[in-house]
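Reviewing the structure listed below.
There are 4 protein chains.
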Amino acid sequence: MASSQLREEVLQANLDLAGSGLVMGTFGNVSGVDRDAGLCVIKPSGVPYEELTPDHMVPVSLASGEVLAGELRPSSDTATHLELYRAFPCGGVTHTHSEFATALAQARLPLRCMGTTHADYFRGDVPVTREMTREEVETEYERNTGLVIVETFATAGISPQEVMAVLVANHGPFVWGSHAGDSVERAQVLEFLARMECMVRTVAPDAGRAATYLVDKHFLRKHGKDAYYGQR
Amino acid sequence: MASSQLREEVLQANLDLAGSGLVMGTFGNVSGVDRDAGLCVIKPSGVPYEELTPDHMVPVSLASGEVLAGELRPSSDTATHLELYRAFPCGGVTHTHSEFATALAQARLPLRCMGTTHADYFRGDVPVTREMTREEVETEYERNTGLVIVETFATAGISPQEVMAVLVANHGPFVWGSHAGDSVERAQVLEFLARMECMVRTVAPDAGRAATYLVDKHFLRKHGKDAYYGQR
Amino acid sequence: MASSQLREEVLQANLDLAGSGLVMGTFGNVSGVDRDAGLCVIKPSGVPYEELTPDHMVPVSLASGEVLAGELRPSSDTATHLELYRAFPCGGVTHTHSEFATALAQARLPLRCMGTTHADYFRGDVPVTREMTREEVETEYERNTGLVIVETFATAGISPQEVMAVLVANHGPFVWGSHAGDSVERAQVLEFLARMECMVRTVAPDAGRAATYLVDKHFLRKHGKDAYYGQR
Amino acid sequence: MASSQLREEVLQANLDLAGSGLVMGTFGNVSGVDRDAGLCVIKPSGVPYEELTPDHMVPVSLASGEVLAGELRPSSDTATHLELYRAFPCGGVTHTHSEFATALAQARLPLRCMGTTHADYFRGDVPVTREMTREEVETEYERNTGLVIVETFATAGISPQEVMAVLVANHGPFVWGSHAGDSVERAQVLEFLARMECMVRTVAPDAGRAATYLVDKHFLRKHGKDAYYGQR
Numbered sequence: 001m002a003s004s005q006l007r008e009e010v011l012q013a014n015l016d017l018a019g020s021g022l023v024m025g026t027f028g029n030v031s032g033v034d035r036d037a038g039l040c041v042i043k044p045s046g047v048p049y050e051e052l053t054p055d056h057m058v059p060v061s062l063a064s065g066e067v068l069a070g071e072l073r074p075s076s077d078t079a080t081h082l083e084l085y086r087a088f089p090c091g092g093v094t095h096t097h098s099e100f101a102t103a104l105a106q107a108r109l110p111l112r113c114m115g116t117t118h119a120d121y122f123r124g125d126v127p128v129t130r131e132m133t134r135e136e137v138e139t140e141y142e143r144n145t146g147l148v149i150v151e152t153f154a155t156a157g158i159s160p161q162e163v164m165a166v167l168v169a170n171h172g173p174f175v176w177g178s179h180a181g182d183s184v185e186r187a188q189v190l191e192f193l194a195r196m197e198c199m200v201r202t203v204a205p206d207a208g209r210a211a212t213y214l215v216d217k218h219f220l221r222k223h224g225k226d227a228y229y230g231q232r
Numbered sequence: 001m002a003s004s005q006l007r008e009e010v011l012q013a014n015l016d017l018a019g020s021g022l023v024m025g026t027f028g029n030v031s032g033v034d035r036d037a038g039l040c041v042i043k044p045s046g047v048p049y050e051e052l053t054p055d056h057m058v059p060v061s062l063a064s065g066e067v068l069a070g071e072l073r074p075s076s077d078t079a080t081h082l083e084l085y086r087a088f089p090c091g092g093v094t095h096t097h098s099e100f101a102t103a104l105a106q107a108r109l110p111l112r113c114m115g116t117t118h119a120d121y122f123r124g125d126v127p128v129t130r131e132m133t134r135e136e137v138e139t140e141y142e143r144n145t146g147l148v149i150v151e152t153f154a155t156a157g158i159s160p161q162e163v164m165a166v167l168v169a170n171h172g173p174f175v176w177g178s179h180a181g182d183s184v185e186r187a188q189v190l191e192f193l194a195r196m197e198c199m200v201r202t203v204a205p206d207a208g209r210a211a212t213y214l215v216d217k218h219f220l221r222k223h224g225k226d227a228y229y230g231q232r
Numbered sequence: 001m002a003s004s005q006l007r008e009e010v011l012q013a014n015l016d017l018a019g020s021g022l023v024m025g026t027f028g029n030v031s032g033v034d035r036d037a038g039l040c041v042i043k044p045s046g047v048p049y050e051e052l053t054p055d056h057m058v059p060v061s062l063a064s065g066e067v068l069a070g071e072l073r074p075s076s077d078t079a080t081h082l083e084l085y086r087a088f089p090c091g092g093v094t095h096t097h098s099e100f101a102t103a104l105a106q107a108r109l110p111l112r113c114m115g116t117t118h119a120d121y122f123r124g125d126v127p128v129t130r131e132m133t134r135e136e137v138e139t140e141y142e143r144n145t146g147l148v149i150v151e152t153f154a155t156a157g158i159s160p161q162e163v164m165a166v167l168v169a170n171h172g173p174f175v176w177g178s179h180a181g182d183s184v185e186r187a188q189v190l191e192f193l194a195r196m197e198c199m200v201r202t203v204a205p206d207a208g209r210a211a212t213y214l215v216d217k218h219f220l221r222k223h224g225k226d227a228y229y230g231q232r
Numbered sequence: 001m002a003s004s005q006l007r008e009e010v011l012q013a014n015l016d017l018a019g020s021g022l023v024m025g026t027f028g029n030v031s032g033v034d035r036d037a038g039l040c041v042i043k044p045s046g047v048p049y050e051e052l053t054p055d056h057m058v059p060v061s062l063a064s065g066e067v068l069a070g071e072l073r074p075s076s077d078t079a080t081h082l083e084l085y086r087a088f089p090c091g092g093v094t095h096t097h098s099e100f101a102t103a104l105a106q107a108r109l110p111l112r113c114m115g116t117t118h119a120d121y122f123r124g125d126v127p128v129t130r131e132m133t134r135e136e137v138e139t140e141y142e143r144n145t146g147l148v149i150v151e152t153f154a155t156a157g158i159s160p161q162e163v164m165a166v167l168v169a170n171h172g173p174f175v176w177g178s179h180a181g182d183s184v185e186r187a188q189v190l191e192f193l194a195r196m197e198c199m200v201r202t203v204a205p206d207a208g209r210a211a212t213y214l215v216d217k218h219f220l221r222k223h224g225k226d227a228y229y230g231q232r
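Residue numbers (the working numbering), protein chains in the order written: chain A, 1 to 232; chain B, 1 to 232; chain C, 1 to 232; chain D, 1 to 232.
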């Protein structure tokens, strides 16, 4: 069903996540999508990282959410990943409870764009969702988590291609990218930015954001058609 | 007296604790209980972790607190462990001076339930005890530490099966679990949560707790008869 | 063109920077200068640290900014390095986005001289630049970054030989030294000082700076003709 | 002159200090004393830790401060160590610029006794000295640093045998112990306590100290004739 290449890529991304220090125990999960085949592949739920093999990766239908092969349950957060794939044009999704990004999510504060390190990866604030309602939590919780993320971007008019991450209130970050490994790398950057943002909020609560023209300069220096960072 | 299996399990849990970075020097101790045999097994006092063998683990009577075998003194905190075993239906106890949990204990602040990472392990705040009185400290100090913990849960109506940890005021955390190793793992989670709680209190002192229905959703998704996290 | 010795020195300094934990991914860059040959040598843009060889190091004309050999683009920050070499009598320049120095830059706060650890390396505050204007950012951004640094020192009357670092507002630190490796070492010290400064600002926002005579004592004990630190 | 045993002990203590993460570069120094021989042995100034051998350790007269053998200069802080040996009944002294203890010294705040982790090692606050005067800094600076430490303990009526450490204002910690290695171990504990104290001051600036009877209980449980911690 799912190509062995996608399984291996998703396994590797999950192992990279485990090695990054962003997750504790079996927390965290990464998926990758094959839009032509109509499926995503995701980590199984609650299996220790050190035991994972490509065959443990669970293929799930993008349309129905059904498990397409194997005996293992997919990550309990699978329905959130699916909503992100349905709404956003991305190839991989990572969810972590990384320390400082989660602290901001618990404080219900956005990760503001305070400088060029941030602007190199995200064109503006990484938003925090509203709190979910009792009904959203008690029925189809994981799916509703995805829908609240999508709502957050639509309401605030943020492009999910320019800001590829969100903080779910009282929960933690979801991050996406062009493929599974790319979303893991961006999750690491997000945590680094969250560390700095927590420190800025501590020592200078009233400091303003970076100027928009500085943010645009750095974002566009690395992304888009006029980029001049790196070797071409 | 104490089965060699329990000794080895308690030794391994103590070594896992030492390897976790939660303890400095000979600080910290883990015990496990055999309720049928009426004893608990605990680390000896002040012996460097790297010298410990199963034979060093000290069996102590659950009823009388007497050492049942060997020449070594048990951990100076043994009487606290015993009171926890007497009052709470648990199989292992871990005591650490881990940095952020101890900082909260020194600040005499509870570890509030601010998000789903916390709710996956503890159903609500991890409480902080009241300060102990002069008399409680000067007479049977370690036993009274245990009694004050038990009092804290009884007074606040907290279930010791849903919140398996406490912060002893001006001292540090005690954590329990189904067995010795489980209490060590929970002590590591507690420290991670304490790190995030300290940061939330720093950047957003007025942020509210996570909604009760969100806490229940996450706690019950991993614990109890309707759990759907992991492989079954 | 550029001596193989300078290429190797600059490569080694870049690898030392990568090993220091001050950079993430391909962030950060180090250069060294050969004033007699009229060139500086700098890291190429966006090449992973682990792939770098001496031949990857890019020689650039100090006068014109032209690449003097090879196919690789130099670091996108090259024009900033060049302005520093033109204005300041130094032999190496390091740029990082190290966590706490960058947090201060994002908070637009100087790294104040609060004690002898600082005074052993920098004679007084490490300043923060003013924000750059839209015009400065949109035209010749990297060159203007260097010019704003030079302006900061001129305006405040700070000696670039006594304070060999700056925080660029909403960006991060630039650090210089007698040669490439020396600037990397100073960048590590800067980050350590920034960690302490953030903590001092957190626990004692009103604490005053170290007395000038104490700063002078420590700076001159290690630097200049009457130094008596180390073996002579 | 100095016994080879003392040289080796002091070398080992310096290497332990370097391995502890408490020092950066060539910062920090440890000495040990032989009171019968009337000398102390200390690290040479500015020699990289990895090059040190027992022969590099510098013997210095306790009475005159003269170097008794060899070609190397002793640590620039030697005169401070000597004043501590003259006034306090200790066998080893460690000086570091460890991060959080130095931050407190820069904030000119004492390390308050907030809990049992502290009381297991220090019976009460670790004090911070007053600022030194211009004259004290400009003439015999290092010796005056020692005299200000001694004055701090005398003025506040603190026993240097119950509180074996001090924070020198705008400088950093000096720590002493029964021998060189013991002072290094205590310097590590001091840094751990300073980390927690900084966090307590951040999240609960008004939290009170631990009760005196709790401090006494823990200090005397580990120290003095009625101690019952460890194996006897």
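Each residue gets a CB set at the ideal place from its N, CA and C atoms; glycine is no exception.
Delimiting residues of the alpha helix (DSSP H) encompassing residue i
i                    : result
residue 19 (chain D) : 4–19
Interface partners of residue i on chain A, CB under 7 Å
i                     : result
residue 195 (chain B) : 99
Cross-chain neighbours of residue i in chain D, by beta carbon under 8 Å
i                     : result
residue 235 (chain C) : For residue 235 (chain C) there is no data in the structure shown, the boundaries of chain C being 1 and 232.
Counted within 10 angstroms of its Cβ, other Cβ atoms place residue i as buried (16 or more) or exposed
i                     : result
residue 161 (chain D) : exposed
residue 5 (chain C)   : exposed
residue 178 (chain B) : exposed
residue 180 (chain B) : buried
residue 140 (chain B) : exposed
residue 53 (chain B)  : exposed
residue 228 (chain B) : exposed
residue 172 (chain A) : buried
residue 89 (chain C)  : exposed
residue 195 (chain C) : buried
residue 55 (chain A)  : exposed
Interface residues of chain A facing residue i [CB-CB closer than 8 Å]
i                     : result
residue 115 (chain B) : 102, 105, 106, 170, 171, 172
Residue i: contacting residues in chain B (beta-carbon distance under 7 Å)
i                     : result
residue 165 (chain D) : In chain order: nothing, as chain B lies at least about 16 Å away.
residue 203 (chain D) : 107, 109, 198, 201, 202
residue 131 (chain A) : 211
Residues that residue i contacts on chain B, provided the C-beta gap is smaller than 9 Å
i                    : result
residue 41 (chain D) : In chain order: nothing, as chain B lies at least about 26 Å away.
Closer than 7 Å at the beta carbon, the chain D residues around residue i
i                     : result
residue 230 (chain C) : 45, 46
residue 141 (chain B) : 217
Chain C contact residues for residue i, given Cβ-Cβ distances below 9 Å
i                    : result
residue 24 (chain D) : 117, 188, 189, 192
Amino acids of chain C, ordered along the chain, whose beta-carbon sits closer than 7 Å to that of residue i
i                     : result
residue 210 (chain A) : 170
Residue range of the beta strand (DSSP E) that includes residue i
i                    : result
residue 34 (chain A) : 29–34
Partners in chain C for residue i, counting only beta-carbon separations shorter than 8 Å
i                     : result
residue 123 (chain A) : Per Cβ cutoff of 8 Å: no residues; residue 123 (chain A) is ~15 Å from chain C at best.
Contact list for residue i against chain A, beta-carbon separation under 9 Å
i                     : result
residue 207 (chain B) : 106, 107, 108, 109
Quick one: which unbroken beta strand (DSSP E) runs of 3-plus residues sit fully inside the region 70–143 of chain A? Chain order, please.
92–95
Let me know the alpha helix (DSSP H) ranges lying completely inside the region 148–229 of chain B, each 4 residues or longer, listed in chain order.
180–203, 212–222
Whole runs of the beta strand (DSSP E) within the region 40–75 of chain B, excluding any shorter than 3 residues
58–61
With a cut-off of 8 Å, do at least 3 Cβ pairs link the region 210–221 of chain C to the region 130–145 of chain D?
yes
Inter-stretch contact (C-beta, 8 Å, three-pair minimum) for the region 180–197 of chain A and the region 20–30 of chain A
yes
Whether or not the region 96–112 of chain D and the region 146–163 of chain D are in contact is what I'm after, with contact meaning three or more pairs of Cβ atoms, one per stretch, closer than 8 Å; do they touch?
no
Is there contact here, the region 195–209 of chain A with the region 98–118 of chain C, by at least three beta-carbon pairs under 8 Å?
yes
Give a yes or no on contact between the region 34–48 of chain D and the region 61–80 of chain D, applying the rule of three or more CB pairs nearer than 8 Å.
yes
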